[in-house]
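Following: one structure in structure tokens, then a few remarks.
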Amino acid sequence: MNIKTVQTKPFEGQRPGTSGLRKKVDVFQQPGYLENFVQSVFNSLENFKGKTLVIGGDGRYFNREAIQVIIKMAVANGFGELMIGKGGLMSTPATSCIIRKYKAFGGLILSASHNPGGPGQDFGIKYNIENGGPAPEKITEGIYEQTKKITEYKIADTADVDLDTLGEKVLGETRIKIIDSVIDYTEMMSKLFDFDLIKRLFQKGFTMRYDAMNAVTGPYAKHILEKVLGAKAGTVVHGEPKDDFGGLHPDPNLVYAKSLVDFMFSNEATDFGAASDGDGDRNMILGNHFYVNPSDSLALIVANFWNAPGYDRGLTGVARSMPTSSAVDRVARGMGMSCYETPTGWKFFGNLLDANKATICGEESFGTGSNHVREKDGLWAILYWLNIIAATGLSVSELVKKHWKKYGRNFYSRYDFEKVDSAAANAMFDEMRASAASQEGKFYGNYEVEKFDDFEYIDPVDKSVSSHQGIRVLFKDGSRIIYRLSGTGTSGATVRIYIEKYEPDNSKHGMDPQEALADLVEIAYQISGIKAKTGKQKPDVIT
Ligand code: VG1
Ligand code: CO
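Counting from 293, one number per residue, gives the positions in the sequence shown under the working numbering.
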């Protein structure tokens, strides 16, 4: 087979963010743009000749074209085997599962996750290492260095591969396997959770709605929930993966999963409601007329570990991202477990999971997962909840209220200000950083500032240091305000403000979080001066 070497010049800005390289799809469609990035990934790696590369995607617009390019480049660069999801589809957690199970060298995941898809929308690519997890910063920075000096890429001159027929073929010296990851993924889930118990729950008439948001999890959810576990046909809605997600914004939160939320707060509501994002690593949990905050979901999953067969022998520890509420810290303390606080992004959990320091991890952004893979996992969290419900006989709202009664409630909310002018956003952060020294001991209403800093993380395993991970305002009473700039957006800057307040008094647990947090929200506006500095008077999304 003819291998072409194509001359190229670097593109600016190919630095991976919180979760890979994300850009508008027309940026990726520029000749050489995707090729440069993929070659830079390969250039930054060593000793992969003859080894296996897994390729998965969330099915968004440009997924198929990108996979064809990657196949030809992986062949030209000497991979021995490619494992590709049928139709180019593989959820992010399933890709992680496949990399681990088949001991692949690594994987490329084509996804912009929870960002919208379709022409004019977003595309993304991410490299995962042999443990199945996102490449750590050391590697993503190495890739970025390669993108700045690339001069050529290699590509096989061959016809497109049929992605829709399961099976194997050989291209040059590379074996190409088209696989159905639903089977491997289901098998893994069946070992972690008590499928018989969950089956009996559905047999007893328990009802559920799962919104796949026209994204990648539809086939997995239909197979596991409807076929294997016996939930009623029609439990899974928006179950066909579409390249523009049917116009939906595939982010499972109160704003973008509105139709599910409306349904769960209507008279027709089922007992349980859930949704996932574009690539299947996020989850939203709802009960009948009840919303579970993701930070509470993490705490509850940890507190109820003995209900799930995959975890009932105990957890080695837990970890949460810094902005995630400290609800899980209270559970860990109560159980005598260590609790780690990492920067935002799943790549920071990898070392803790590999070193067995943490078994379960989570983020406030609808992400929860465990050491079964090295990505967060939407369906995993949903099955975990089903397992807890089946084992305890309690409803979602009963479980959460019982949890608050025992541990107290961490009122929590995140405010997102999208498409903010980048210069204005950066200036606002610079000013806050500069004020840090004068903040300690200062009073805002009744809240006294105990600590005001820019979060820095030292990885407990490899001692690598990650700085500037978000401004933290920690108050004496345990309340917190955090400011971060998003690393997954594709236009302008997104400012995220996270607000948290602990309430031990059970008689106040029924309060609306926005009411409970109202004074802290005003303080968050005051400290940052966000309204004047960005011109934005209110957030675009509140979760
Ligand atoms: C967001 C979330 C973060 C999550 C990341 C990837 O990042 O806040 O918690 O890990 O998305 O999620 P940022 O930098 O925009 O705040 V996903 O579902 O893209 O894989
Ligand atoms: Co995602």
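In this text, a Cβ means the ideal position worked out from N, Cα and C, and glycines have one as well. If you're wondering where the values come from, they're calculated on a predicted model, not measured in any experiment.
Rounded to whole angstroms, what's the CA-CA distance from residue 634 to residue 644? Just pull it up for me.
10 Å
Thinking C-alpha only, which one of 311, 732, 302, 593 is nearest residue 426?
311
Looking at residue 573 and the ligand VG1, is the gap between the Cβ and the nearest heavy atom below 6 Å?
yes
Buried or exposed: residue 486, going by 16 or more other Cβ atoms within 10 Å of its Cβ?
buried
What ranges does the beta strand (DSSP E) occupy inside the region 487-512, keeping only unbroken runs of at least 3 residues that lie completely in it?
500-503
Roughly how far, in whole angstroms, is the beta-carbon of residue 381 from the beta-carbon of residue 363, given that I think they are within contact range, below 8 Å?
Rounded, the Cβ-Cβ distance is 15 Å, inconsistent with contact.
Would you say residue 405 touches the ligand CO, meaning its beta carbon is less than 6 Å from a heavy atom?
yes
Rounded separation between residue 522 and residue 671 - CA only
16 Å
Same chain, Cβ closer than 6 Å to residue 415, five either side skipped, listed in chain order:
317, 320, 354, 404
How big is the Cα-Cα spacing for residue 663 and residue 754?
18 Å
Suppose you measure from the CA of residue 762 to the CA of residue 439; what does that come to, to the nearest Å?
27 Å
Can you tell me whether residue 293 is buried or exposed? The criterion is at least 16 other CB atoms within 10 Å of its CB, across all chains shown.
exposed
Pick out the complete beta strand (DSSP E) segments inside the region 337-393, 3 residues or longer, and give them in chain order.
344-349, 373-377
What's the C-alpha gap between residue 385 and residue 573?
6 Å
Residue 670 - containing alpha helix (DSSP H), residue span
670-684
Which whole-angstrom value describes the C-beta separation of residue 445 and residue 365, a residue pair presumed to lie in contact below a C-beta threshold of 8 Å?
7 Å
Is any non-hydrogen atom of the ligand VG1 found closer than 6 Å to the C-beta of residue 569, if you look at the structure I gave you?
yes
Taking 6 Å as the cut-off, is the beta-carbon of residue 311 closer than that to any non-hydrogen atom of the ligand VG1?
yes
Threshold first: 3 residues or longer. Then list the beta strand (DSSP E) segments lying entirely within the region 679-738, N to C.
701-712
CB-CB under 8 Å to residue 748, same chain, minus the five flanking residues each way: which ones, in chain order?
757, 758, 759, 760, 761
Can you give the Cα-Cα distance for residue 493 and residue 506, rounded to whole angstroms?
27 Å
Do three or more CB pairs link the region 541-556 to the region 622-631 at distances below 8 Å?
no
Report yes if the C-beta distance between residue 544 and residue 569 is below 7 Å; otherwise report no.
yes
Short check: CB of residue 484 to CB of residue 602, under 7 Å?
yes
Within the region 500-575, ranges of the beta strand (DSSP E) (whole runs, at least 3 residues):
500-503, 564-568
Are at least three pairs of beta-carbons, each pair with one atom in the region 387-407 and one in the region 330-344, less than 8 Å apart?
yes
Straight-line Cα distance separating residue 413 from residue 779:
17 Å
Residue 306 in three-state terms, based on DSSP:
coil
Quick one: is residue 514 buried, meaning 16 or more other Cβ sit within 10 Å of its Cβ, or exposed?
buried
I'd like the span of the alpha helix (DSSP H) that includes residue 421, first residue to last.
Per DSSP, residue 421 belongs to no alpha helix (DSSP H) and is neither H nor E.
Expressed to the nearest angstrom, what Euclidean distance is found between the alpha-carbon atoms of residue 340 and residue 417?
19 Å
Span separating the alpha-carbon of residue 829 from that of residue 720
15 Å
Count the other C-beta atoms from every protein chain shown that fall within 10 angstroms of the C-beta of residue 323, then say buried if there are 16 or more, exposed otherwise.
exposed
Buried or exposed: residue 783, going by 16 or more other Cβ atoms within 10 Å of its Cβ?
exposed
Alpha helix (DSSP H) containing residue 439: first to last residue?
429-441
Skipping 5 residues on each side, what residues in its chain have a beta carbon closer than 6 Å to that of residue 591?
619, 620, 623
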